[in-house]
Amino acid sequence: MSNKVYIVGAGPGDYGLITLKAVECIKNADVLLYDRLVNPDFLELKKDTCEVIYVGKESSNHIVPQDQINRILIDKFNEGKTVVRLKGGDPYVFGRGGEEAETLYDEGIEFEVVPGVTSAVGGLCYAGIPVTHRDYSSSFHIVTGHSKKDDQNEINWSSLAKEKGTLIFLMGIGNIEHIVKQLIDNGKEPNTPVGFVSWATRYNQKTTLSTLKDAKACVERENIKAPTIFVVGDVVKLADKLNFFEKKPLFGKNIVITRSRAKNSELRKKLEEKGARVIEIPTIDIKSMESSKSIIKNKINGINGYDYLAFTSYNSVKYFFDILKLYRFDLRKLANVKICSIGAATTRELEDRGVLPDITSERFDAVSLAGEISKNSIGKVLFPCSEIAGTDLQKCLENKGFAVDRVEIYSNKVNYSERERVVDAFRNSDVDFITFTSSSTFENMIELMGHENMELLEKCKIISIGDITTKTIKSKISNNVFQSKEVSMESMVEKMIELL
Numbered sequence: 001m002s003n004k005v006y007i008v009g010a011g012p013g014d015y016g017l018i019t020l021k022a023v024e025c026i027k028n029a030d031v032l033l034y035d036r037l038v039n040p041d042f043l044e045l046k047k048d049t050c051e052v053i054y055v056g057k058e059s060s061n062h063i064v065p066q067d068q069i070n071r072i073l074i075d076k077f078n079e080g081k082t083v084v085r086l087k088g089g090d091p092y093v094f095g096r097g098g099e100e101a102e103t104l105y106d107e108g109i110e111f112e113v114v115p116g117v118t119s120a121v122g123g124l125c126y127a128g129i130p131v132t133h134r135d136y137s138s139s140f141h142i143v144t145g146h147s148k149k150d151d152q153n154e155i156n157w158s159s160l161a162k163e164k165g166t167l168i169f170l171m172g173i174g175n176i177e178h179i180v181k182q183l184i185d186n187g188k189e190p191n192t193p194v195g196f197v198s199w200a201t202r203y204n205q206k207t208t209l210s211t212l213k214d215a216k217a218c219v220e221r222e223n224i225k226a227p228t229i230f231v232v233g234d235v236v237k238l239a240d241k242l243n244f245f246e247k248k249p250l251f252g253k254n255i256v257i258t259r260s261r262a263k264n265s266e267l268r269k270k271l272e273e274k275g276a277r278v279i280e281i282p283t284i285d286i287k288s289m290e291s292s293k294s295i296i297k298n299k300i301n302g303i304n305g306y307d308y309l310a311f312t313s314y315n316s317v318k319y320f321f322d323i324l325k326l327y328r329f330d331l332r333k334l335a336n337v338k339i340c341s342i343g344a345a346t347t348r349e350l351e352d353r354g355v356l357p358d359i360t361s362e363r364f365d366a367v368s369l370a371g372e373i374s375k376n377s378i379g380k381v382l383f384p385c386s387e388i389a390g391t392d393l394q395k396c397l398e399n400k401g402f403a404v405d406r407v408e409i410y411s412n413k414v415n416y417s418e419r420e421r422v423v424d425a426f427r428n429s430d431v432d433f434i435t436f437t438s439s440s441t442f443e444n445m446i447e448l449m450g451h452e453n454m455e456l457l458e459k460c461k462i463i464s465i466g467d468i469t470t471k472t473i474k475s476k477i478s479n480n481v482f483q484s485k486e487v488s489m490e491s492m493v494e495k496m497i498e499l500l
């Protein structure tokens, strides 16, 4: 991307509702200015060298004044930077994007505006409230609940109250008494259905239904705060039927996942599809071992001397095949070697690389895989693994007469960069579940949080995968430990739903 200012809409909050173009802008930004309502997970998309500036804007409390935000945009552009101004919702729907774009135009600065899903439409959709419906409303009107001084006098309440369409008020909770009074005084039926949607599309979304005449009392009774969309109209009647989001089985549940960040995406996606809030705390730091590359090169050059190639983890496949690619190894040379795999993720990674394993184990433990291999003729096994991999596979096979050549190709260490976040995550969130997919993810979590904070871990339900992982956890924690039926991410999610 060229030196330019991009005014970008990030959508209402759900990670899946950001546009592809917005993601591209974030990934290429040299400087990123973002607001309070931007999903913080979007910041993970930025490059490491990107300068991040929080200009959080809240009702009546602008941490950075608009004039100063404009100045930052101008100054950073003049430094030759690609600047992204990231806003919640859509920049041109009460996001002051038009004002910022005007300022850039006046300064002769090249800019581009990237639309986003506005909460006025997308947020109500997640609450089961369509802004138009053939039986109820053929139009909708988006109104700001506050703007400049004396803004309420700028609204034609007489005209607005007579509209048959859906009325949507953004940033209006602080003025709810005035809004309701003006609508009723100007002829709006007091029993008109209304809805309040707080934190729309987020894990903590809350939809509250009432009538126009009871709206103020409802706000006080339910302690409704910003950010909340206030919607008036007969379409609100559909909320009970159409609110799919808050009916998801894991809606509102806080779930900690501990795999390495690169491997978290599959589990995270499945959990979020079920409505959960996912808190990523990758307790393991996985890296390729540079010293092993030359060793593997020698091994693969003599691959015909091996009868079996055994993989016991996703990462062992990943880093082994990365080394093969580095040295331009022809996979056809593996034709006479039996490929052995344990676990669905390991097998899937092999298949994604065009390799179908010859021998697999239904159970997620090395002893079972050794048993499957030993059903075949005795031979020599190449076993690429992590530096902390167990010795069960090697011992079992050697006891049966196999020769096992173990090569450690990646490191698996405690991710100390997460230490500060760990205890805070448990203290600041009501964690319902925590997942462990290996013994190392659990052991590293204990190392990061400290034994003195173990009670925080014991309060939530622990979901494990595989017998070995479960055994490791139960050696430290006796209660609330549950093992998924199968060795898969789907099975872990199913176990959580089963425990509700």
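In terms of UniProt numbering, the sequence shown opens at residue 1 and continues consecutively.
Glycine included, C-beta positions come from ideal geometry on N, C-alpha and C.
{"Asked": "I18, DSSP secondary structure in three states", "Found": "coil"}
{"Asked": "Where R421 falls: helix, strand or coil (DSSP)", "Found": "helix"}
{"Asked": "Contacts around I477, its chain only, beta-carbon distance under 8 Å, and the 5 residues preceding and following it disregarded", "Found": "M454, L457, E458 and I462"}
{"Asked": "Beta-ladder partner(s) of Y34, from DSSP", "Found": "Y54 and L86"}
{"Asked": "F436 beta carbon less than 7 Å from that of S417", "Found": "no"}
{"Asked": "Backbone CA spacing between V423 and M445 [nearest angstrom]", "Found": "10 Å"}
{"Asked": "Per DSSP, the bridge partner or partners of P193", "Found": "T211"}
{"Asked": "Simplified DSSP assignment, three categories, for K148", "Found": "For K148, the pLDDT reaches just 44, beneath the cut-off of 50, and the residue's location in the model is therefore unreliable, although a value from the coordinates is still provided. Three-state result, K148: coil."}
{"Asked": "Ordered list of alpha helix (DSSP H) runs contained in the segment 412-496, each at least 4 residues", "Found": "419-428, 439-449, 454-458 and 467-474"}
{"Asked": "Nearest residue (CA-CA) to S386, options F364, A370 and S288", "Found": "S288"}
{"Asked": "Length of the line joining the Cα atoms of S137 and E44", "Found": "40 Å"}
{"Asked": "Cα-Cα separation, L397 to V407", "Found": "16 Å"}
{"Asked": "Status (buried if at least 16 other CB within 10 Å, exposed otherwise) for A217", "Found": "exposed"}
{"Asked": "R406 in three-state terms, based on DSSP", "Found": "strand"}
{"Asked": "Beta-carbon contacts of I257 that lie in its chain and below 7 Å, excluding the five residues immediately before and after", "Found": "N264, L267, R268, V278, E280 and T435"}
{"Asked": "Stretch pair the segment 471-490 + the segment 304-323: three plus CB contacts closer than 8 Å", "Found": "no"}
{"Asked": "Cβ-Cβ separation, G165 to H141 (assumed contact under 8 Å), whole Å", "Found": "6 Å"}
{"Asked": "Best match in P91, T132, G16 and V381 for proximity to E112 [C-alpha to C-alpha]", "Found": "P91"}
{"Asked": "Nearest neighbour of N480, chosen from S294, I468, V117 and L499 [CA to CA]", "Found": "L499"}
{"Asked": "Beta-carbon proximity check, N243 vs G379, cutoff 7 Å", "Found": "no"}
{"Asked": "Boundaries (first-last residue) of the alpha helix (DSSP H) holding V180", "Found": "I176 to D185"}
{"Asked": "Bridge partners - P384, DSSP secondary structure assignment", "Found": "V407"}
{"Asked": "Where S313 sits in the DSSP three-state scheme", "Found": "coil"}
{"Asked": "Assigned exposure category for K188 - 16 Cβ within 10 Å defines buried", "Found": "buried"}
{"Asked": "Identity of the residues DSSP links to D352 by a beta bridge", "Found": "Note: D352 sits in no beta bridge, so no partner."}
{"Asked": "For D285, the three-state DSSP class (helix, strand or coil)", "Found": "strand"}
{"Asked": "Residues near D14 by beta carbon distance below 6 Å, same chain, minus five either side", "Found": "T201"}
{"Asked": "Beta-carbon gap between L86 and V117 smaller than 7 Å", "Found": "no"}
{"Asked": "Helix, strand or coil at L324 according to DSSP, with G and I counted as helix", "Found": "helix"}
{"Asked": "Nearest-angstrom Cα separation, counted from F94 out to S147", "Found": "Reliability fails at S147, whose pLDDT of 47 lies under 50, so the model's placement of it is uncertain and the value that follows must be treated cautiously. If I take the Cα positions, the gap works out to 9 Å."}
{"Asked": "Beta-carbon proximity check, G233 vs L250, cutoff 7 Å", "Found": "no"}
{"Asked": "DSSP state of L397 mapped onto helix, strand, coil", "Found": "helix"}
{"Asked": "Sheet register partners of S341 (DSSP bridge)", "Found": "F311 and T360"}
{"Asked": "Three-state secondary structure assigned by DSSP to Y319", "Found": "helix"}
{"Asked": "Per-residue DSSP class, three states only, for G122", "Found": "helix"}
{"Asked": "Backbone secondary structure at F94 - three-state DSSP", "Found": "coil"}
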